[in-house]
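In what follows, a structure is listed as structure tokens, so that the remarks can point back to it.
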Amino acid sequence: MLLPLQAQQVQRLPQTILSTSTARERADYFSKQGMWDSAQAYYHLWTQANPRDTTAWIALARLLARRGERDAALAALASAARAGMAYRALIESDSILAPLLRTTRGREIAQRMATNAAEQAEYPARFARQQRIGRYRVLYPPGYDSLQRYPLVLLLHGNGNEPVMMLRWAKALGLQRAIIVCPEAPYVKVAETIAQGRLRLSAAGEDLAAPDSLNPTITDLSAQWYVDVLGDAEQSLPIERSVLPVVVGFSQGGFYAQVLVTRYPERFRAAVLLAPSYYHWGGIAQRLGNLVRYGVEVLHVHGRNDPIVPIQTAQLISDLYRRAQVSYTLIEFDGDHWIPDDLARSIGEWIAQRLR
Numbered sequence: 013m014l015l016p017l018q019a020q021q022v023q024r025l026p027q028t029i030l031s032t033s034t035a036r037e038r039a040d041y042f043s044k045q046g047m048w049d050s051a052q053a054y055y056h057l058w059t060q061a062n063p064r065d066t067t068a069w070i071a072l073a074r075l076l077a078r079r080g081e082r083d084a085a086l087a088a089l090a091s092a093a094r095a096g097m098a099y100r101a102l103i104e105s106d107s108i109l110a111p112l113l114r115t116t117r118g119r120e121i122a123q124r125m126a127t128n129a130a131e132q133a134e135y136p137a138r139f140a141r142q143q144r145i146g147r148y149r150v151l152y153p154p155g156y157d158s159l160q161r162y163p164l165v166l167l168l169h170g171n172g173n174e175p176v177m178m179l180r181w182a183k184a185l186g187l188q189r190a191i192i193v194c195p196e197a198p199y200v201k202v203a204e205t206i207a208q209g210r211l212r213l214s215a216a217g218e219d220l221a222a223p224d225s226l227n228p229t230i231t232d233l234s235a236q237w238y239v240d241v242l243g244d245a246e247q248s249l250p251i252e253r254s255v256l257p258v259v260v261g262f263s264q265g266g267f268y269a270q271v272l273v274t275r276y277p278e279r280f281r282a283a284v285l286l287a288p289s290y291y292h293w294g295g296i297a298q299r300l301g302n303l304v305r306y307g308v309e310v311l312h313v314h315g316r317n318d319p320i321v322p323i324q325t326a327q328l329i330s331d332l333y334r335r336a337q338v339s340y341t342l343i344e345f346d347g348d349h350w351i352p353d354d355l356a357r358s359i360g361e362w363i364a365q366r367l368r
């Protein structure tokens with residue numbers, strides 16, 4: 013049954029959503045705003061018209077479970093299973109939905125999802141290169157003047173992050189004379205995005221379930237996307253081309269920062285690695301000589317208690333870079349994975365010196 017929409021709720025929709033959006037987009041919008049009646053009405057409308065949209069059924073089930081409507085939530089999960097939902101792990105990892113699978117009906121739904129997963133074997137997956145349009149976000153400096161030109165900073169977010177989160181943190185760098193661009197990593201982490209209700213991205217393509225043999229190719233293509241963003245920013249924004257950019261990467265973004273400067277050393281003045289991960293298929297160690305040849309400096313900042321990328325990884329990177337005689341500085345701090353704002357100011361000063 014469709015629930016009536018309150019006039020004040022409709023009025024709160026942005027004009028572009030109000031005039032051009034689908035029922036699914038309106039449902040997602042209202043859900044994020046915590047306007048449950050309207051969200052529920054639009055999810056019902058959408059799933060009636062598109063009963064095979066498993067992600068919509070899951071979103072509706074989460075909303076209903078959050079509201080305490082357990083039977084209705086189970087019915088929505090059952091509809092997702094009938095529509096072909098095969099990723100039971102997505103439900104099991106969701107703190108709101110997981111308890112439903114422990115009920116008698118929930119176990120039946122889980123079994124249906126397992127059957128769906130087994131049936132997928134009839135349709136084996138193949139992998140090919142793909143070209144598409146991507147997005148990046150821009151942080152302009154204080155007092156920005158479009159008639160002036162500014163140095164460029166390329167900021168790469170981590171696995172499961174997104175640009176707005178990183179750009180908010182980047183304000184703590186205190187860069188007064190730089191334009192910062194942060195691209196979206198090219199792959200959506202579907203399960204995390206649905207479970208958390210927020211966009212979660214990665215440059216590793218985990219949700220593709222591709223064989224490990226494709227890791228180097230995925231790295232190549234993600235790195236090319238980041239270089240394409242760099243080129244677009246240099247062409248479309250008022251960038252001072254006489255000053256080479258600095259790349260700053262957090263976690264997975266720190267891995268890709270290393271990939272970029274070792275493969276395209278002529279494009280960068282320096283790199284800042286924030287709790288970076290490291291994978292052998294990036295071919296970083298074999299190309300460290302490029303950093304020496306082009307004079308690319310590297311600043312590495314890592315928390316001693318990092319539970320995500322342990323300090324041992326920082327020590328491995330440090331050994332590799334120092335043996336290659338790269339201009340490299342490692343700063344260890346008492347903390348975990350995230351870089352605190354008070355340390356960000358010092359990092360910003362280091363970057364500013366290289367952008368002069």
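Reading the sequence shown from the start, the letters are residues 13 to 368 in our numbering. No residue lacks a Cβ here, since even glycine has one placed at the ideal position from N, Cα and C.
Reference residue i; option with closest CA among the options
{"i": "Ile70", "options": "Met125, Ser50, Thr34", "result": "Met125"}
{"i": "Leu213", "options": "Arg253, Leu187, Ser263", "result": "Ser263"}
{"i": "Ile230", "options": "Asp240, Asp219, Ala215, Leu242", "result": "Ala215"}
{"i": "Arg357", "options": "Ala110, Arg335, Arg147, Val313", "result": "Val313"}
{"i": "Gln324", "options": "Tyr290, Ala61, Arg138", "result": "Tyr290"}
{"i": "Asp353", "options": "Gly80, Gln52, Met178", "result": "Met178"}
{"i": "Gly294", "options": "Tyr340, Ile329, Pro228, Arg253", "result": "Pro228"}
{"i": "Arg141", "options": "Gln236, Gln188, Glu174, Ser330", "result": "Gln236"}
{"i": "Ala184", "options": "Glu218, Arg281, Leu151", "result": "Leu151"}
{"i": "Ala221", "options": "His292, Leu86, Ser234, Tyr199", "result": "Tyr199"}
{"i": "Ala92", "options": "Ala182, Arg114, Asn62", "result": "Asn62"}
{"i": "Ile121", "options": "Arg144, Val165, Met97", "result": "Met97"}
{"i": "Lys44", "options": "Ser225, Asn302, Gly209", "result": "Gly209"}
{"i": "Leu285", "options": "Val271, Glu278, His292", "result": "Val271"}
{"i": "Glu344", "options": "Asn302, Leu355, Arg100, Ala182", "result": "Leu355"}
{"i": "Arg138", "options": "Leu226, Ala130, Tyr55", "result": "Leu226"}
{"i": "Trp362", "options": "Asp346, Tyr340, Gly347", "result": "Tyr340"}
Simplified DSSP state of residue i, which is helix, strand or coil
{"i": "Leu17", "result": "Its pLDDT being 47, under 50, Leu17 is placed unreliably in this model, and the coordinates cannot settle the point."}
{"i": "Leu89", "result": "helix"}
{"i": "Thr34", "result": "coil"}
{"i": "Leu109", "result": "coil"}
{"i": "Ile70", "result": "helix"}
{"i": "Ser358", "result": "helix"}
{"i": "Ala283", "result": "strand"}
{"i": "Tyr291", "result": "coil"}
{"i": "His312", "result": "strand"}
{"i": "Val150", "result": "strand"}
{"i": "Thr341", "result": "strand"}
{"i": "Gly301", "result": "helix"}
{"i": "Leu249", "result": "coil"}
{"i": "Tyr238", "result": "helix"}
{"i": "Val255", "result": "coil"}
Buried versus exposed, by CB contacts within 10 Å (16 or more), residue i
{"i": "Gly155", "result": "exposed"}
{"i": "Ala133", "result": "exposed"}
{"i": "Ser248", "result": "exposed"}
{"i": "Ile192", "result": "buried"}
{"i": "Ala283", "result": "buried"}
{"i": "Ser234", "result": "buried"}
{"i": "Tyr135", "result": "exposed"}
{"i": "Ile206", "result": "buried"}
{"i": "Glu204", "result": "buried"}
{"i": "Ile359", "result": "buried"}
{"i": "Thr59", "result": "buried"}
{"i": "Leu113", "result": "buried"}
{"i": "Leu328", "result": "exposed"}
{"i": "Asp157", "result": "exposed"}
{"i": "Asp224", "result": "exposed"}
{"i": "Asp40", "result": "buried"}
Close beta carbons around residue i, own chain, < 8 Å, minus the five adjacent residues each side
{"i": "His349", "result": "Ser263, Ala287, Gly315, Asp318, Pro319, Ile320, Val321"}
{"i": "Arg281", "result": "Val255, Leu256, Pro257, Val258, Val308, Glu309, Arg366, Leu367"}
{"i": "Val241", "result": "Gly146, Tyr148, Leu166, Val193, Pro195"}
{"i": "Gln160", "result": "Pro250"}
{"i": "Asn128", "result": "Ala93, Gly96, Met97, Ala98"}
Integer Cβ distance of residue i from residue j, believed to fall under 8 Å
{"i": "Ala95", "j": "Arg64", "result": "5 Å"}
{"i": "Leu102", "j": "Pro153", "result": "Not confirmed; about 41 Å, so no contact."}
{"i": "Ala269", "j": "Leu168", "result": "6 Å"}
{"i": "Arg275", "j": "Arg299", "result": "6 Å"}
{"i": "Val36", "j": "Ala68", "result": "Before going further, note that residue 36 is Arg rather than Val in the sequence given. With 8 Å as the limit, Arg36 and Ala68 qualify as a contact, their Cβ atoms being about 6 Å apart."}
{"i": "Tyr162", "j": "Arg180", "result": "Tyr162 to Arg180, Cβ: 20 Å. No contact."}
{"i": "Val338", "j": "Val304", "result": "6 Å"}
{"i": "Gly170", "j": "Gly265", "result": "5 Å"}
{"i": "Ser330", "j": "Leu342", "result": "5 Å"}
{"i": "Leu164", "j": "Glu278", "result": "Incorrect: roughly 15 Å between the Cβ atoms, too far for contact."}
Interface flag, residue i vs chain D, CB-CB below 8 Å
{"i": "Ser263", "result": "The chain inventory of the structure shown lacks chain D, comprising one protein chain alone."}
Beta-carbon proximity list for residue i, same chain, < 7 Å, skipping 5 on both sides
{"i": "Glu196", "result": "Gly146, Arg147, Tyr148, Glu174, Pro175, Leu213"}
{"i": "Leu15", "result": "Because Leu15 carries a pLDDT of 44, less than 50, the predicted location of this residue cannot be relied on, and the following value inherits that uncertainty. Once the five neighbours on either side are set aside, the close Cβ partners of Leu15 are Asp49, Gln52, Ala53."}
{"i": "Ile108", "result": "Arg74, Ala77, Arg78"}
{"i": "Ala88", "result": "Trp69, Leu72, Ala73, Leu76"}
{"i": "Gly217", "result": "Tyr199, Ile230"}
{"i": "Val273", "result": "Val259, Phe280, Ala283, Leu303, Val308"}
Other residues of its chain near residue i: CB distance less than 6 Å, five sequence neighbours each side excluded
{"i": "Phe42", "result": "Ser50, Ala51"}
{"i": "Arg110", "result": "For the sequence presented, residue 110 should be read as Ala rather than Arg. Around Ala110: Glu104."}
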